[in-house]
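A.B. asks: Sending over a structure as structure tokens; questions will come in a sec.
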Amino acid sequence: MSRNLGRTDCAVCDAGHDDIALCEQPRPITERDAGRYYAEYKDRLIVANAECTTCGAKYLAWISIHRTVIDRQGTNFDNSFGVRFCDISFRSTFNDEPGPDDLPSLTKLREIEMKRWTSRAHELTDQLDEVRERLDAHVAELGSLRSRWESYL
Ligand SMILES: [Zn+2]
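The opening position of the sequence shown corresponds to residue 4 in the numbering used here, with each subsequent residue numbered one higher.
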């Protein structure tokens, strides 16, 4: 088990980095975030609560792990929602395993899967239509070659 997931996309629904949105101003980590690991990260980790905009999974985004950032900028990050992050933890557990509160409902996950499969089915139908059109074109070409060949007999 690790404190961080070592990724910045959604570990629950695979939505991309840009789909993870910060819910608040970046700030130094608190005991409430880190629990018994607070002493280890105190004064050296800037975080913000974050959420996947696709599935709603709840994360703690790691904005910076350098003490110097706190020293230089204090706790006032003016560009809050433009700030990018370099890693994430699940919010309620402060590790790479989600707690029940971090996860979207099964209904929501099913809805996301259905959307993905529906969109995949549309893609495949489009591809099939293309293959059919090409096949029709080949059959027509073959027909014209055949009638040309028969005219030589
Ligand atoms: Zn997600």
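By construction, the Cβ of each residue, glycine as well, lies at the ideal position given by its N, Cα and C atoms.
Specify, as a first and last residue, the run of the beta strand (DSSP E) that lysine 61 falls within.
C.D. replies: Note, lysine 61: beta strand (DSSP E), 61–67.
A.B. asks: Kindly indicate which three-state DSSP category alanine 24 falls into: helix, strand or coil?
C.D. replies: Looking at alanine 24 - three-state DSSP - the assignment turns out to be strand.
A.B. asks: To the nearest angstrom, how far is the alpha carbon of proline 31 from that of valine 134?
C.D. replies: Between proline 31 and valine 134, the C-alpha separation is close to 56 Å.
A.B. asks: Could you check which residue in Tyr44, Ala37, Glu34 and Phe88 has the C-alpha nearest to that of histidine 20?
C.D. replies: Checked all of Tyr44, Ala37, Glu34 and Phe88; the closest Cα to histidine 20 is Phe88.
A.B. asks: Quick check: is the beta carbon of leucine 63 nearer than 9 Å to any beta carbon in chain B?
C.D. replies: Of the protein chains in this structure there is only one, and it is not chain B.
A.B. asks: DSSP state of glutamate 100, grouped into three classes?
C.D. replies: If DSSP states are grouped into helix, strand and coil, glutamate 100 belongs with coil.
A.B. asks: Looking at the structure shown, is aspartate 129 part of a helix, part of a strand, or coil, going by DSSP?
C.D. replies: Helix, per DSSP.
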